[in-house]
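In this note's numbering, the protein residues as written are 57 to 108.
Idealized CB from N, CA, C, for every residue including glycine.
Everything numeric in this text was worked out from a predicted model, so none of it was measured.
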Ligand SMILES: [Zn+2]
């Protein structure tokens, strides 16, 4: 298993409504939703990671 320095695909939970999203975690620890650059449909943009 080789660790790339690029973004890591994982699962995040919206901090507002609890919806699950496929997210990418960047090396700088910022998280964004895949396919939803503007964030969750509830307009929240922060996600808590299921896996650290
Ligand atoms: Zn949400």
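Check                                                                                                                                : Outcome
Could you tell me the distance, in whole angstroms, from the CA atom of residue 63 to the CA atom of residue 81?                     : 5 Å
Between which two residues does the beta strand (DSSP E) carrying residue 70 extend?                                                 : 64-70
Using the beta-carbon of each residue, find all residues closer than 6 Å to any heavy atom of ligand 1 and list them in chain order. : 70, 72, 73, 75, 96, 98 and 100
DSSP three-state label for residue 104, please.                                                                                      : strand
Taking the straight line between their C-alpha atoms, what separation do you get for residue 92 and residue 106?                     : 18 Å
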